[in-house]
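Asker:
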Amino acid sequence: MIRLKRYVEFSVSFVLAFIMLQVVSGAILTMLYTPSFSWIEASALSSEVEFGHLSIVPTIVMSIVAFGIAYGVTKLSNKKIVG
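As structure tokens, then:
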């Protein structure tokens, strides 16, 4: 039963850490974004939107960081239970 609790705790920690990291990185990217056109040229722009390219690397990096956070949370929690 304790083992199941650890798995659930790790899973919940991982999901929460991953979501928080995605939200924080999205907020930082939004704050640092500067459009590449001036507002004077905005009326001449087409109505089509280009989304650019998709890279899987940032998601993998966020997953690894979230894994580390979840592992640390689980270890700290286990020390508090045992100690």
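Numbering (the numbering used here), first residue to last: 9 to 91.
Using N, Cα and C, we set each Cβ at its ideal position, and we do this for glycine too.
(1) Looking only at C-alpha atoms, which of 17, 16, 29 and 34 sits nearest to residue 72?
(2) Tell me which residues share the same chain as residue 62 and place their Cβ nearer than 7 Å to its Cβ, disregarding the 5 neighbours each side in the sequence.
(3) Which full runs of the beta strand (DSSP E) of 3+ residues lie inside the region 9-88, going along the chain?
(4) If distances are taken between C-alpha atoms only, which option among 20, 11, 70 and 16 comes closest to residue 32?
(5) From residue 22 to residue 83, what does the alpha carbon distance come to, in whole angstroms?
Answerer: Quick answer:
(1) 29
(2) none
(3) none
(4) 70
(5) 13 Å
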